[in-house]
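Numbering (the numbering used here), first residue to last: 3 to 394.
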């Protein structure tokens, strides 16, 4: 089982890479394919939306087919998407490629969570979930300065062709190494509708929608255009800043996991962490024109405190009946990833609307984005405060 988890975790490294690599590729794609910020925001948004829409069939497949075949087949689709990206000649091709890659990555994390939920004690679910995301976030780091080095060495097309081959190899490794846990044998019936009828789950779903979007959106895309447009940064500079934010996200994911057992609460850990995320976002709003270490520290703060995804998942997982585990964790993931995708599209339109003004400063669209993300998390916190705590 452990070697199978290792294969899934390595595949999740790729999933994290793909959701973040457009930030570094933005300048070269703008030159080669005339892909502006809104086009890249749309492509990034469709990665998240296709990923999210797949959560319903993925949840069913995990419960009925098992994680091994489900994930291996879908990841092969992701390899095909990377090939389309490498051969792209227009922004439309980039969007299509991101849709396929989103579909391909859609079951990797949930397959791990399904195995954890079916195999390990509930008390360690949050720690294991955070561990996978923490290790997987090495992909986030890979999609920063190392990616800019690879693009300099082999060009962006050669780099993405290499990623397509690695993704296909990861799919084969999962098919060979992963072992499905024993099926749940029960007379109980259930469906996605039964999960949606659970009042205790809804505050968690709303919080998941709000908490993941800022770090995913800023690190996955907006940090690149912001530094290029406002500070004139090149790919190496953008790579360095995204590396720092990525490292903070790794640290945050690893820190959140054990803290619920130390503090004896999941609800207030998530609430406190996301309150600090709001503070960092408001700081970025006020420092939007300042290229200083304070700005980079605030970005790192968004990455660290905004890494509550595994803890929110653990909170929701505690309410799930065993025979609906696959569909349940996928439903929670749908709200997180779907929210991030929808916010990418919305923020893309906000950016375009404010960029069209001839009198607005170059920093104005990005100030609006930081304020928007801060407001989103505040709304999530206002609902989440009504949730019922669970600590297992």
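In this text, a Cβ means the ideal position worked out from N, Cα and C, and glycines have one as well.
| Could you check where the alpha helix (DSSP H) with residue 46 kicks off and where it finishes? | 39–55
Ignore the nearest five residues each way along the sequence and tell me which others in residue 214's own chain have a CB closer than 7 angstroms to its CB. 311, 338, 341, 342
* To do: Measure how close the beta-carbons of residue 28 and residue 177 come, nearest whole angstrom, since I'm counting them as under 8 angstroms.
  => The pair is not a contact, with the Cβ atoms about 34 angstroms apart (cut-off 8 angstroms).
The alpha helix (DSSP H) that contains residue 93, what's its start and end?
93–107
For the segment 131–171, list the alpha helix (DSSP H) runs that are entirely contained and at least 4 residues long, ordered along the chain. For the alpha helix (DSSP H) assignment, the uninterrupted runs of no fewer than 4 residues enclosed by the segment 131–171 are, from N- to C-terminal side, 140–144.
query = How big is the Cα-Cα spacing for residue 323 and residue 228?
reply = CA-CA distance, residue 323 to residue 228, rounds to 44 angstroms.
Task: Distance between beta carbons of residue 110 and residue 140, contact taken as under 8 angstroms - done: About 14 angstroms separates the beta carbons of residue 140 and residue 110, which is beyond the 8 angstroms limit, so they are not a contact pair.
Run through DSSP, which three-state label would residue 185 get?
-> coil
(request) To the nearest angstrom, report how far apart residue 241 and residue 258 are at their CA atoms. (result) 26 angstroms
How about residue 59 and residue 117: do their beta carbons lie closer than 7 angstroms? no
Mapping the DSSP letters down to three states, classify residue 66 as helix, strand or coil.
helix
Is the beta carbon of residue 203 less than 7 angstroms from the beta carbon of residue 87?
No.
Review point. Is the beta carbon of residue 327 sitting closer than 7 angstroms to the one on residue 137?
Key: no
**Asked** In whole angstroms, what separates the C-alpha of residue 301 from that of residue 216?
**Response** Spanning the two alpha carbons is a distance of roughly 10 angstroms.
Should the segment 91–104 be regarded as contacting the segment 346–362, the criterion being three or more beta carbon pairs within less than 8 angstroms?
no
Practice item. Answer with buried or exposed for residue 36, where buried requires no fewer than 16 other C-beta atoms within 10 angstroms of its C-beta. Key: exposed
Kindly indicate which three-state DSSP category residue 214 falls into: helix, strand or coil? helix
| Helix, strand or coil: how does DSSP classify residue 375 here? | helix
In the DSSP assignment, the alpha helix (DSSP H) including residue 346 goes from what residue to what residue? 327–357
### Spatially closest choice to residue 130 from 142, 115, 120, 143, by CA coordinates
115
Checklist entry - Helix, strand or coil for residue 200 per DSSP? => result coil
Helix, strand or coil for residue 122 per DSSP? coil
Item to complete: Quick one: residues in its chain with C-beta nearer than 6 angstroms to the C-beta of residue 287, no 5 flanking neighbours on either side, listed in chain order?
Response: Same-chain partners within the cutoff: 369, 372, 373.
Original post:
When the Cβ atoms of the segment 219–226 are set against those of the segment 274–282, are three or more pairs found closer than 8 angstroms?
Top reply: no
Close Cβ partners of residue 127 (< 7 angstroms) along its chain, the five nearest in sequence each way excluded: 118, 119, 316, 319
#### Entry: Among 307, 330, 347, 133, the one whose alpha carbon lies nearest that of residue 282
307
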